[in-house]
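To keep things clear, I will list the structure first and then write my remarks on it.
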Amino acid sequence: MLQFRFAVRSPFLLSLALFAANAQQTTSPVLDAMKTELARSQEKLRSQPVPPYFISYEITETHTVGISSAFGQLENSSENRRRQLDVDLRVGDYSLDNTREIRGGLPNLPQFGATPVPIDNDPDAIRAVLWYQTDQRYKRALEQFTKVKTNVQVKVAQDDASADFSRETPEHYSEPIAGIQVNRAAWEEKTRKYTAPFARYTNIYQATSFLQASVETRWYVNTEGAVIQTSQPAFHLYVIATSKASDGMELPLYESYFAFAEKELPDDATVLKAVDKMIHDMEALRVAPVMESYTGPAILSGRASGVFFHEIFGHRVEGARQKNSADAQTFKHKLGEPVLAKEFSVYFDPTLRRYANTDLDGYYTYDNQGVKARRVNVVENGVLKTFLMSRNPVEGIAQSNGHGRNQAGLPAVARQSNLIVEVAPAAVVPDLKKLLIAEIQKQNLPFGLYFDQIEGGFTFTGRTIPNAFNVLPLMVYRIYPDGREELVRGADLIGTPLTTFSKIAAADKNIAVFNGFCGAESGSVPVSASSPGIFVSQIEVQKKAKSQERIPLLPAPFEGGK
Amino acid sequence: MRNAGILLLSATAAILHGQTDVVMDAMKDELARSMKQLTVENLEKAYFISYRIVDSDNASVAASFGSLNQSNAGRSRMLTVEVRVGDYKLDNSHFFSLNLDPGTRLVIFNGTVELGLEDDYKEIRRQLWLATDATYKKAVEDLSSKRALFQTRSREDEADDFTREDPVTSSQEQPPVKVDIPKWQNEARSISALFRKMPGIYTSMVTFNSVNSYTRFLTSEGTSYTRRQSNVMFNSEAATQTADGTPLDDFVWFHGRSLADLPSEQELTARVQALGQRLSDLRDASTLMNYNGPVLAEGDAATQLFRLVFLPSLIGAKPTINGLPGALQSALQGLPGLPGNGNQGENPFLDKIGARVLPEFLSVTDNPAIEEYQNHHMSGFSKVDEDGMRSREVPLVEKGILKTLLTSRDPVRGINHSTGSRHAGSASPSNVIVTASTGLSEADLRARFLELVKQRNLPFGIAVRRMRNVVNAVLAYKVFPDGHEELVRNVQFFGLNAAAFKNIVAGSSSLNFLTVRFEPPRNNPLSVPIEENFTPVSLAVPSLVFEDVTVRRGRGATPTPPVAGHPYFDKQ
Numbered sequence: 000m001l002q003f004r005f006a007v008r009s010p011f012l013l014s015l016a017l018f019a020a021n022a023q024q025t026t027s028p029v030l031d032a033m034k035t036e037l038a039r040s041q042e043k044l045r046s047q048p049v050p051p052y053f054i055s056y057e058i059t060e061t062h063t064v065g066i067s068s069a070f071g072q073l074e075n076s077s078e079n080r081r082r083q084l085d086v087d088l089r090v091g092d093y094s095l096d097n098t099r100e101i102r103g104g105l106p107n108l109p110q111f112g113a114t115p116v117p118i119d120n121d122p123d124a125i126r127a128v129l130w131y132q133t134d135q136r137y138k139r140a141l142e143q144f145t146k147v148k149t150n151v152q153v154k155v156a157q158d159d160a161s162a163d164f165s166r167e168t169p170e171h172y173s174e175p176i177a178g179i180q181v182n183r184a185a186w187e188e189k190t191r192k193y194t195a196p197f198a199r200y201t202n203i204y205q206a207t208s209f210l211q212a213s214v215e216t217r218w219y220v221n222t223e224g225a226v227i228q229t230s231q232p233a234f235h236l237y238v239i240a241t242s243k244a245s246d247g248m249e250l251p252l253y254e255s256y257f258a259f260a261e262k263e264l265p266d267d268a269t270v271l272k273a274v275d276k277m278i279h280d281m282e283a284l285r286v287a288p289v290m291e292s293y294t295g296p297a298i299l300s301g302r303a304s305g306v307f308f309h310e311i312f313g314h315r316v317e318g319a320r321q322k323n324s325a326d327a328q329t330f331k332h333k334l335g336e337p338v339l340a341k342e343f344s345v346y347f348d349p350t351l352r353r354y355a356n357t358d359l360d361g362y363y364t365y366d367n368q369g370v371k372a373r374r375v376n377v378v379e380n381g382v383l384k385t386f387l388m389s390r391n392p393v394e395g396i397a398q399s400n401g402h403g404r405n406q407a408g409l410p411a412v413a414r415q416s417n418l419i420v421e422v423a424p425a426a427v428v429p430d431l432k433k434l435l436i437a438e439i440q441k442q443n444l445p446f447g448l449y450f451d452q453i454e455g456g457f458t459f460t461g462r463t464i465p466n467a468f469n470v471l472p473l474m475v476y477r478i479y480p481d482g483r484e485e486l487v488r489g490a491d492l493i494g495t496p497l498t499t500f501s502k503i504a505a506a507d508k509n510i511a512v513f514n515g516f517c518g519a520e521s522g523s524v525p526v527s528a529s530s531p532g533i534f535v536s537q538i539e540v541q542k543k544a545k546s547q548e549r550i551p552l553l554p555a556p557f558e559g560g561k
Numbered sequence: 000m001r002n003a004g005i006l007l008l009s010a011t012a013a014i015l016h017g018q019t020d021v022v023m024d025a026m027k028d029e030l031a032r033s034m035k036q037l038t039v040e041n042l043e044k045a046y047f048i049s050y051r052i053v054d055s056d057n058a059s060v061a062a063s064f065g066s067l068n069q070s071n072a073g074r075s076r077m078l079t080v081e082v083r084v085g086d087y088k089l090d091n092s093h094f095f096s097l098n099l100d101p102g103t104r105l106v107i108f109n110g111t112v113e114l115g116l117e118d119d120y121k122e123i124r125r126q127l128w129l130a131t132d133a134t135y136k137k138a139v140e141d142l143s144s145k146r147a148l149f150q151t152r153s154r155e156d157e158a159d160d161f162t163r164e165d166p167v168t169s170s171q172e173q174p175p176v177k178v179d180i181p182k183w184q185n186e187a188r189s190i191s192a193l194f195r196k197m198p199g200i201y202t203s204m205v206t207f208n209s210v211n212s213y214t215r216f217l218t219s220e221g222t223s224y225t226r227r228q229s230n231v232m233f234n235s236e237a238a239t240q241t242a243d244g245t246p247l248d249d250f251v252w253f254h255g256r257s258l259a260d261l262p263s264e265q266e267l268t269a270r271v272q273a274l275g276q277r278l279s280d281l282r283d284a285s286t287l288m289n290y291n292g293p294v295l296a297e298g299d300a301a302t303q304l305f306r307l308v309f310l311p312s313l314i315g316a317k318p319t320i321n322g323l324p325g326a327l328q329s330a331l332q333g334l335p336g337l338p339g340n341g342n343q344g345e346n347p348f349l350d351k352i353g354a355r356v357l358p359e360f361l362s363v364t365d366n367p368a369i370e371e372y373q374n375h376h377m378s379g380f381s382k383v384d385e386d387g388m389r390s391r392e393v394p395l396v397e398k399g400i401l402k403t404l405l406t407s408r409d410p411v412r413g414i415n416h417s418t419g420s421r422h423a424g425s426a427s428p429s430n431v432i433v434t435a436s437t438g439l440s441e442a443d444l445r446a447r448f449l450e451l452v453k454q455r456n457l458p459f460g461i462a463v464r465r466m467r468n469v470v471n472a473v474l475a476y477k478v479f480p481d482g483h484e485e486l487v488r489n490v491q492f493f494g495l496n497a498a499a500f501k502n503i504v505a506g507s508s509s510l511n512f513l514t515v516r517f518e519p520p521r522n523n524p525l526s527v528p529i530e531e532n533f534t535p536v537s538l539a540v541p542s543l544v545f546e547d548v549t550v551r552r553g554r555g556a557t558p559t560p561p562v563a564g565h566p567y568f569d570k571q
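Line by line, the protein sequences give chains A and B. With the first letter of the first sequence counted as 1, position 523 gets the number 522 in numbering that gives the first Met the number 0; the numbers rise by one all the way through. With the first letter of the second sequence counted as 1, position 90 gets the number 89 in numbering that gives the first Met the number 0; the numbers rise by one all the way through.
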């Protein structure tokens, strides 16, 4: 049985760019070609015995500059522009169409992938691609629909009787197309500079910095009349380094920065300071004791808490999971019920560009189904209010709330955007450490844990594997009753969602943002998760998977630093 | 189509450039240190280590229907480390294993790593050190697993694992290609725009690619070479369907070592027009039911059939002794970009050396030493192969008798030395020339073919001028006794295998020339060669008459043609 693994990993993907938002024309030759061919396709297919009831085209243009260096040496410097087409073509009607899950069958895997589209604004060449792909997908949809109709008859009645596609107001929106102008030579030098300090060490085996500057421009049209053009620059800068302890355990660390504008990225001094800290932390981690299995209270830093919420909660409020027969549907029947302490609220807001002095990677104005982005209050004062919705309705929620997202080439499903955890003053304390120490004394434990930096996490939401989550920390400290802190390594934070939720007790005022990429069935999409530091009265730690490879047999062929 | 390259054979690249090469220095120093010192307690040291560093820069431009699809350029530097533990007779090679250690961040993938682009001695040493370490550790484990396997199993292939060869130092310099990218963009646009005049074609594409590479190769035996070499390619593909839905597609592909080796824009235009024309013609062609009788292979089809059916048997490649687990192998073969593990089944020609494999009037030679043959550019030219062995002419079949197979330093039974034929990671052909000692003129060959048709009392014979693959013909014709021809579509050949080549009854004196992209079958589908992932093979093959071939109409479900017409032609 296939399981999806959901992961956010900050150093995982790309992005590096500098841009100039120059207001160009807002009527695009690409959009015009899409509109014309959409109308023609609809007209030509109307005479078929089973015509499509809905067609949408989305063309995603990605203009990327990528620059990377390792140990002070340039590794790569390139620029690339490409366009990809997504077609959503549906036969049947809003209540039952070709996209419905075929129960007992193989997962409905995407068959086409993203189709390349010409990058010149030549309507004839673009329309030639649209035409051929529409035809291919129409034939595929017909086949699927026949299977769906039989499956509906042969299997038991579905638990969730909701429709297959929501009706939405067609939107018209256009923002100017952003440009990208990165000084590549300058960034080549910067990435060299950021990784040069690692080169002094003989026990650091990977040290890379990369900048990915990109502009993603999306054009969307559908047969309901929506016409949308969005264009969004993004700059990602990463520094990644890995060392190894003598027992083989790999010790990766990273720093990541995200901004909508190049000038918002940190200056050299800030990055170099972080690099020094990474070197120092790796040094400390190599000799840190290995953490054994543990259960007890813990503090999660804001970033750790953000990922923690993304995994244990975020993936479980993605709408389509409430109706997929293979999903555990943890929260399906909990609408209106308390799921968290009453001081805690959680919302997703893709329209938020900035929070806690940080640009948010989950920002967008329209989702991949042409639905306007909006804030969704999922938990208000501890009570579950709604789910994140794409145009795939679930029982009781007929409309999308602008969270239908995908990576080009995959069908959109409900995905997260900018997750924000807010805590009412009653549960905010100035110092979580005091709370932790009180708790370990109460439970008569030798120590509690503080999860500082994390690299990401993953969770399982299916029914055939226990519904667990795993947060992958990089820097974890034991906190002893006397207040002493000790760095440890090899600890993963695990748990099951409902139990863990009931243990979240308090928060501090140190709000932090985790920007990253989230991978699930509709591909990799940029997201963020923001939270204050939190106190959890009981968590569980599992030993981290560990490499069995020895450190190098021969000493380095050069003198090491320090 | 004359290669403007200057070719040199001299002592070392360093001397050639009159300066020290810090990359080569780093390779030499780390190689010497590793051979001397690298060991795990109580386990063997390496008996052979090689380093290969390949610098490359590439450009690619793609267009369709008059519009650019993409235009990219990039640079890279890759390192492959090979470590052999054991001895020439039995070492860790030809053994498939996976490293499933969770510490994937520092595990070297098949000895291959990406390096920084800059010539920094210390940093290159660091990467060589780490890659050699990881590769050595895996080699020691693989050898131990392989020995364990032989404790419980007899060894079927008695060939050694590695040939002993005298050290050779060589270099090859061809001037790098300087691509005018805007010019390629315009040419790609204008050539792809030819399809705007071809209403019968549904999808089409034109691409230009260039790769300049500079290889530094060094072994612990003292063999080394440097090679500066380029690949320039043009490709165009087109596809359509017949009225009954049968898919039709074909391509043209050209390869050169310099821009001058590619056909002119005018010639490319003519070839792409011909591509569109033949697909359009095929849409209206008739079909054929069954045919058993003589087949005349002419033009591209003669070279294609030789390459697809016969040539693979002339390669002596040593299979891995354990292969891939079945499920994993089939999964990998399904993935695009990963070549199938094609040589697990043994090549029957291994036991045919000295036996007749072709009719007596046919001879085959592989000759990497030539750049030109009968005024045709030969792309498979090289001075040195990827093992550092000198390239040389290898007579493969003389008067129908198999003399040897093409091999690398991985020996196969009966062939104890390399033929200097390692390209794209494994033993591969280079320039393949087939000659017919009693070759007929094209007119006489055709007369001989029609005579056979008549003898068999057939209403027509089948001539084939272009294949799509080993089974499907693109251009096949009914040839009637009065000489007139009729194009037929959806034609498939059955039972055409290497053995069938023994029954060729006649060949032409003139040769058909074609350069093809050749990817040798790989022992380990996970290992991707870094110097070239394919090798260009130029073939010169006579037109051939096969005595008896089964030909039939292709069967199977076909998709229906598009519901709406092509938007560009519909509106006109």
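Every residue, glycine too, gets a C-beta built ideally from N, C-alpha and C.
Three-state secondary structure assigned by DSSP to residue i
i      : result
R597/B : Beyond the ends of chain B as shown, which are 0 and 571, falls residue 597/B; an answer cannot be given.
N305/A : As written in the sequence, residue 305/A is Gly, which differs from the Asn given in the question. In the structure shown, G305/A sits in a helix (DSSP, three-state: H, G or I).
A490/A : strand
Q184/B : helix
K477/B : strand
F305/B : helix
E441/B : helix
I5/B   : For I5/B, the predicted model reports a pLDDT of 36, less than 50, meaning its position is unreliable and no value from the coordinates is stated.
E174/A : coil
Q157/A : coil
E263/A : helix
M34/B  : helix
V452/B : helix
Residues sharing a beta bridge with residue i, DSSP
i      : result
K371/A : Y365/A
M23/B  : Answer by DSSP bridge pairing: none, since M23/B is not bridged.
H375/B : Y372/B
N417/A : S527/A
F164/A : Answer by DSSP bridge pairing: none, since F164/A is not bridged.
Check your understanding: Of all the beta strand (DSSP E) runs that stay within the bounds of the segment 224-294 of chain B, which reach a length of 3 or more residues?
Key -> Positions of the beta strand (DSSP E) runs, each at least 3 residues long and wholly inside the segment 224-294 of chain B, are given as 246-255 in order along the chain.
Exercise for review: Inspect the CB distances between the segment 510-517 of chain B and the segment 531-539 of chain B and report whether three or more fall short of 8 Å.
Suggested key: Result yes; three or more Cβ-Cβ pairs closer than 8 Å.
**Study point:** Cβ pair count under 8 Å reaching 3, the segment 477-489 of chain B against the segment 311-320 of chain B
**Key:** Contact annotation: the segment 477-489 of chain B does not touch the segment 311-320 of chain B, with fewer than three C-beta pairs closer than 8 Å.
Review point. Counting pairs of Cβ atoms below 8 Å between the segment 555-564 of chain B and the segment 442-460 of chain B, do you hit three or more?
Key: No, the segment 555-564 of chain B is not in contact with the segment 442-460 of chain B.
Exercise for review: Specify whether the segment 44-61 of chain B and the segment 121-141 of chain B touch according to this definition: at least 3 beta carbon pairs, one from each stretch, less than 8 Å apart.
Suggested key: A contact exists between the segment 44-61 of chain B and the segment 121-141 of chain B.
Check your understanding: Touching or not, the segment 82-102 of chain A and the segment 21-36 of chain B, by the rule of three or more beta carbon pairs under 8 Å?
Key -> Too few Cβ pairs lie closer than 8 Å, so no.
Exercise for review: For the segment 66-82 of chain B, enumerate the residues whose C-beta is nearer than 9 Å to any C-beta of chain A, in chain order.
Suggested key: Identification of residues in the segment 66-82 of chain B having a C-beta nearer than 9 Å to some C-beta of chain A yields S66, L67, N68, Q69, S70, N71, A72, G73, R74, S75 and R76, given in sequence order.
Point to revise | Residues, ordered as in the chain, of the segment 28-40 of chain B that lie near chain A by beta-carbon distance below 9 Å | key: Within the segment 28-40 of chain B, the qualifying residues are D28, E29, R32, S33, Q36, L37, T38 and V39.
Check your understanding: Okay, do the segment 498-507 of chain B and the segment 255-262 of chain B touch, 3+ Cβ pairs below 8 Å being the bar?
Key -> No, the segment 498-507 of chain B is not in contact with the segment 255-262 of chain B.
**Study point:** Whole runs of the alpha helix (DSSP H) within the segment 269-319 of chain A, excluding any shorter than 4 residues
**Key:** Runs of the alpha helix (DSSP H) inside the segment 269-319 of chain A: 301-311.
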